[in-house]
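Working notes for the structure below.
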Amino acid sequence: MSGPRIRDSGDGRGRIVAVSFHCPGCKLNHTLYTQRTPADLPGPRWNFNGDYERPTLQPSIKATGGFPDCDPESDGWDENAICHSFVTDGRIQFLGDCTHALAGQTVDLPEMVAL
Ligand SMILES: [Zn+2]
Numbered sequence: 361m362s363g364p365r366i367r368d369s370g371d372g373r374g375r376i377v378a379v380s381f382h383c384p385g386c387k388l389n390h391t392l393y394t395q396r397t398p399a400d401l402p403g404p405r406w407n408f409n410g411d412y413e414r415p416t417l418q419p420s421i422k423a424t425g426g427f428p429d430c431d432p433e434s435d436g437w438d439e440n441a442i443c444h445s446f447v448t449d450g451r452i453q454f455l456g457d458c459t460h461a462l463a464g465q466t467v468d469l470p471e472m473v474a475l
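Heads up: the sequence shown begins at 361 in our numbering, then just goes up one per residue.
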């Protein structure tokens, strides 16, 4: 038995517009748009397979710069940080260009902590 690894955000009318997961590399949540409103609003969108326990998100996720430094000794924002991953079947594969300690590794996505 496992809990959800995805938290969704709706538009208040029953449509999911974004999904979040906890990234064990960055130790923070990444949030991805699955659709934009209005629909022609520019910006990336990700496909979510709808499985909250074994999520797959496509395409790959690349977060760069301007997110909090993973180093617990630091309270700053690392402008050079990169987190590049594939989320497939509830696991997250970190590519080699990640700047955090899990670069090149594939690990289970952690369950989302209830708000
Ligand atoms: Zn990350």
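Every residue gets a Cβ at the ideal spot worked out from N, C-alpha and C, and that includes glycine.
Contact check for L469 against I452 passes: the beta carbons are separated by less than 8 Å. Within the same chain, and ignoring the five residues on either side of P384 in sequence, the residues whose Cβ sits closer than 8 Å to its Cβ are I452, L462, V467, L469, P470. The C-alpha of V377 lies about 11 Å from the C-alpha of P398.
Those residues that bring their Cβ nearer than 5 Å to a heavy atom of ligand 1 are C383, G385, C386, C443.
In the three-state reduction of the DSSP assignment, S362 falls in the coil class.
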